[in-house]
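Under this note's numbering, the first residue of the sequence shown carries the number 211, and numbering increases by one thereafter.
Input: a single structure, listed below in structure tokens.
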Amino acid sequence: MIILKNLNKHYKSIQALKNVHLHINRGELFAYLGPNGAGKTTTIRIMTGLTKLSSGTVLLNRFDIEQDQVAAKKESGLVPQSINLDQELTVAENLDIHGMLYQMPVKARRSKTDELLDYMDITDRKKTLVKHLSGGLKRRVMIARALMHSPKILFLDEPTVGLDANIRRRIWAIVKKIQQDGTTIFLTTHYIEEAEFLAQRVAFLNNGEIVALDTPKNLMQKMGTWAIDRLEESNMETTYFQTREAAKKFMADQKQSFTLRHVNLEDAFLTLTGKKVK
Ligand SMILES: Nc1ncnc2c1ncn2[C@@H]1O[C@H](COP(=O)(O)OP(=O)(O)O)[C@@H](O)[C@H]1O
Ligand SMILES: [Mg+2]
Numbered sequence: 211m212i213i214l215k216n217l218n219k220h221y222k223s224i225q226a227l228k229n230v231h232l233h234i235n236r237g238e239l240f241a242y243l244g245p246n247g248a249g250k251t252t253t254i255r256i257m258t259g260l261t262k263l264s265s266g267t268v269l270l271n272r273f274d275i276e277q278d279q280v281a282a283k284k285e286s287g288l289v290p291q292s293i294n295l296d297q298e299l300t301v302a303e304n305l306d307i308h309g310m311l312y313q314m315p316v317k318a319r320r321s322k323t324d325e326l327l328d329y330m331d332i333t334d335r336k337k338t339l340v341k342h343l344s345g346g347l348k349r350r351v352m353i354a355r356a357l358m359h360s361p362k363i364l365f366l367d368e369p370t371v372g373l374d375a376n377i378r379r380r381i382w383a384i385v386k387k388i389q390q391d392g393t394t395i396f397l398t399t400h401y402i403e404e405a406e407f408l409a410q411r412v413a414f415l416n417n418g419e420i421v422a423l424d425t426p427k428n429l430m431q432k433m434g435t436w437a438i439d440r441l442e443e444s445n446m447e448t449t450y451f452q453t454r455e456a457a458k459k460f461m462a463d464q465k466q467s468f469t470l471r472h473v474n475l476e477d478a479f480l481t482l483t484g485k486k487v488k
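Here it is, written out as structure tokens:
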């Protein structure tokens with residue numbers, strides 16, 4: 211369970227987070243969606259104790275990140291946005307060092323390393339130096355490392371950024387599996403389809419504020435079911451319809467070309483924020 215109450219963060223003149231309220235259930239896969247600079251990483255850095263909050267409260271499974279810092283830190287694992295593995299060490303050594311930082315005894319470290327390498331399907335890379343791995347494999351090692359101390363909550367900050375579409379899907383499958391095995395997952399992304407595919411609930415973050423929070427299905431349904439895109443004086447205009455009949459009626463009156471499609475999460479985001487998540 212993750213609870214954020216009235217969370218604010220200022221960096222000098224910038225207010226990066228404005229009164230963020232969230233209540234994420236145990237075992238939920240929650241997506242925090244927003245464009246670059248929205249405040250996603252700042253939120254994760256606060257929850258993992260890397261940045262101090264300006265005001266408000268954060269609880270990780272009842273542990274207050276300020277009052278019970280040590281206990282709160284043990285509750286979660288973090289996969290940061292940029293790759294910060296030790297490139298000159300092997301995959302197993304990277305995991306082992308993380309286990310040491312969490313005071314795991316040597317036996318537990320060895321067995322957990324083997325278990326996680328198997329879980330991530332990278333056992334054959336156990337003794338490979340990280341610098342020789344592809345971007346997708348490095349991501350898998352990052353996730354394995356974050357799970358070494360068996361955290362109940364996993365924070366993933368843009369876990370698939372810069373990866374090919376098929377490798378991205380591989381990571382999605384791993385993330386789903388981790389959730390199914392009982393871990394609460396908080397994932398930030400600026401890929402709409404990632405949130406739509408993975409998350410049970412999505413929050414739209416824009417300029418440090420949550421502008422919407424619901425299931426992907428409900429967010430989309432608010433827009434209607436059908437969308438018609440058409441070019442209007444070199445601008446793409448989109449109109450939404452609850453029924454196919456209403457969309458058909460509209461189409462009959464159109465003189466220029468158009469496309470009819472199903473509403474997606476991007477429509478909801480664009481309408482609420484007026485900007486693209488890029
Ligand atoms: N260490 C920092 N010092 C000053 N401003 C920062 C710092 N970190 C982030 N910011 C600013 O806070 C805002 C939110 O950034 P960030 O949380 O990284 O967004 P996101 O992860 O959604 O791209 C941005 O305007 C960014 O420039
Ligand atoms: Mg970020």
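Every residue gets a Cβ at the ideal spot worked out from N, C-alpha and C, and that includes glycine.
DSSP-derived helix/strand/coil call for E404: Stepping through the sequence shown from its first residue, residue 404 is reached at position 194. Three-state result, E404: helix.
Exposure of K219, with buried meaning 16 or more beta-carbon neighbours within 10 Å: Counting from one through the sequence shown, the residue named residue 219 turns up at place 9. K219 is buried by the Cβ-count criterion.
Simplified DSSP state of D328, which is helix, strand or coil: Numbered from its first residue, the sequence shown carries residue 328 at position 118. D328 falls in the helix class under three-state DSSP.
Rounded C-alpha distance that separates T398 from H472: For the purposes of this step, residue 398 is taken as residue 188 along the sequence shown, with counting starting at 1. For the purposes of this step, residue 472 is taken as residue 262 along the sequence shown, with counting starting at 1. Roughly 25 Å between the two C-alpha positions.
Beta carbon of L339 nearer than 8 Å to that of T370: Walking along the sequence shown from the start, residue 339 turns up at place 129. Walking along the sequence shown from the start, residue 370 turns up at place 160. It is not a contact, given that the beta carbons lie outside the stated cut-off.
Every unbroken alpha helix (DSSP H) within the segment 227-307, with a cutoff of 4 residues, ordered by chain: 250-257, 279-285
Residues near S286 in its chain [Cβ-Cβ closer than 8 Å; skip 5 each side]: If you number the sequence shown from 1, residue 286 lands on position 76. For S286, where only same-chain residues beyond five positions count, the Cβ hits under 8 Å are M257, T258, L270, P361, K362, I363, L364, F365.
Residue range of the beta strand (DSSP E) that includes T394: One-based indexing of the sequence shown puts residue 394 at position 184. Its beta strand (DSSP E) spans residues 394-399.
Identity of the residue in A478, A437, L441, Q313 nearest K459 by Cα: By 1-based counting over the sequence shown, the position of residue 459 is 249. Looking at the Cα atoms, A437 is the closest of the given residues.
Exposure of A462, with buried meaning 16 or more beta-carbon neighbours within 10 Å: Along the sequence shown, read from residue 1 onward, the residue named residue 462 stands at position 252. So A462 ends up on the exposed side.
Supposed close pair L423, R411 - CB separation, criterion 8 Å: Along the sequence shown, read from residue 1 onward, the residue named residue 423 stands at position 213. Along the sequence shown, read from residue 1 onward, the residue named residue 411 stands at position 201. About 7 Å; that satisfies the 8 Å criterion.
Which of helix, strand or coil DSSP assigns to K219: Residue numbering aside, residue 219 sits at position 9 when the sequence shown is read from its first letter. In this structure, K219 counts as strand in the three-state DSSP scheme.
Ligand 2 heavy atom lying under 7 Å from the CB of E368: What you label residue 368 is simply residue 158 of the sequence shown in a count that begins at 1. Because some heavy atom of ligand 2 lies under 7 Å away, the Cβ of E368 counts as near it: yes.
Residue interval of the beta strand (DSSP E) (run including V412): Taking the first residue of the sequence shown as 1, we reach residue 412 at position 202. Taken as a continuous stretch (DSSP letters only), the beta strand (DSSP E) holding V412 covers 411-416.
Where D374 falls: helix, strand or coil (DSSP): The residue given as residue 374 occupies position 164 in the sequence shown. Coil, per DSSP.
Whole alpha helix (DSSP H) elements within the segment 416-478, 4-residue minimum: 426-431, 454-462
Between the CA atoms of D374 and A302 - distance to the nearest angstrom: The sequence position of residue 302 within the sequence shown is 92, counting from 1. The sequence position of residue 374 within the sequence shown is 164, counting from 1. C-alpha separation (whole angstroms): 25 Å.
Beta-bridge pairing of L214 - partner residues as DSSP gives them: The residue labelled residue 214 in the question sits at position 4 within the sequence shown. According to DSSP, L214 bridges with L232, V268.
Euclidean distance between Cα positions of E406 and A282: Counted from its first residue, the sequence shown places residue 406 at position 196. Counted from its first residue, the sequence shown places residue 282 at position 72. Going by the C-alpha atoms only, they are around 29 Å apart.
L347 - containing alpha helix (DSSP H), residue span: One-based indexing of the sequence shown puts residue 347 at position 137. Segment 345-356, the alpha helix (DSSP H) holding L347.
DSSP-derived helix/strand/coil call for Q390: The count along the sequence shown starts at 1 and reaches residue 390 at position 180. The answer is helix: DSSP assigns Q390 an H, G or I state.
At least 3 beta-carbon pairs within less than 8 Å: the segment 386-394 vs the segment 235-247: yes
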